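With mature numbering (1 follows the signal peptide of the UniProt record, and there is no 0) applied, the sequence shown corresponds to residues -21 to -1, 1 to 235, in that order. The beta-carbon is built from N, C-alpha and C at its ideal position, and this holds for glycine as well. It should be emphasised that the depicted structure is a prediction, and the values quoted were computed from it without experimental measurement. This report refers to the structure that appears directly beneath it.
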Amino acid sequence: MTKLKQLGVMCIACMGMQAMAADFSFDRPGTGFSTGITPVGKLAWEQALPTASYTESSAEDGAKVKTWNLNADMLFRTGIGKNTELQLGWQGPAWTQSKVHGHSTDDDGVGDITVGIKHAIDLQDEKLTWAVLAQALIATGDGQFTEDEEIYTLGSSVDYAFNDTVNTGISMFYEVQDGDWAITAVPTLGYKIKGNLSGYSELVYRKQEHQDNEYALGTGLIYALNDRVQFDASVGVNLEGQDKSYKGGLGAAFLF
């Protein structure tokens, strides 16, 4: 049985459970994903405007290498059942610049495509919600903007609402690429600030086979114009290794 079929079997098994869709919520921003499901007949469009990252590393001769990356990733979600949605993502157009010894090198292209199915599972609890995600990344991008091989991911996200102001949750991802496994854990804290403005903070832990542990912190603001439109801004920093690495971005999300 192929890895893609294995993920499909696990996803179908989860769908077999009694389920009730959680209230709709956008997946932007943050590394994890929400437990909300897009209603049947509706389309959610979540767009980076764009996402940026900056890294300082060292070349073999000790020279400092500065690298900028920009990409306008996007995600489309549509309900295909009361508790299930189909997702189509694209890492979008991308641009990168590396500078070393005063010499700059630029490149641009497009990123990979992802296809996924998310399903909400009823826990018979008004405050606790759960969703699972089966996703495949198809390596269709250009040059350095694509993965070497397809990546198959099984994700799980649990969210608990303490009250109308504070909620917490954790997203877990199990990935396999060309026989190598990786696991990512993303505990998140969400909080209302005032009116339609809210915020979130997250810790990202990742362990890839044959690689060192990776850690990152992220935080952001979310402004809900109404139930169908939101805007966001986020920043993050990687904590491991000698390299300096930061990311940030703006985004918008719409429900049609």
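For residue i, count neighbouring C-beta atoms within 10 Å of its own C-beta (all shown protein chains included) and say buried if the count is 16 or more, exposed if not.
| i | result |
| --- | --- |
| residue 12 | buried |
| residue 114 | buried |
| residue 188 | exposed |
| residue 97 | buried |
| residue 116 | buried |
| residue 179 | buried |
| residue 20 | exposed |
| residue 81 | exposed |
| residue 209 | buried |
| residue 219 | exposed |
| residue 156 | buried |
| residue 213 | buried |
My output table needs one value for residue i: the three-state DSSP class, helix, strand or coil.
| i | result |
| --- | --- |
| residue 209 | strand |
| residue 66 | strand |
| residue 122 | helix |
| residue 16 | coil |
| residue 55 | strand |
| residue 177 | strand |
| residue 146 | strand |
Going by DSSP, what residue range makes up the beta strand (DSSP E) through residue i?
| i | result |
| --- | --- |
| residue 22 | 22 to 37 |
| residue 243 | In the structure displayed, the chain extends from -21 to 235; residue 243 sits before or after that span and is not available. |
| residue 50 | 43 to 50 |
| residue 87 | 82 to 89 |
| residue 72 | 72 to 79 |
Can the beta-carbon of residue i be found less than 8 Å from the beta-carbon of residue j?
| i | j | result |
| --- | --- | --- |
| residue 165 | residue 14 | no |
| residue 71 | residue 48 | no |
| residue 29 | residue 228 | yes |
| residue 27 | residue 234 | no |
| residue 197 | residue 211 | no |
| residue 124 | residue 73 | yes |
Do the segment 123 to 132 and the segment 80 to 98 touch if we need at least three Cβ pairs shorter than 8 Å? Contact holds: three or more Cβ-Cβ distances are below 8 Å.
Check whether the segment 47 to 56 touches the segment 107 to 119, taking contact to mean three or more Cβ pairs, one atom from each stretch, closer than 8 Å. no
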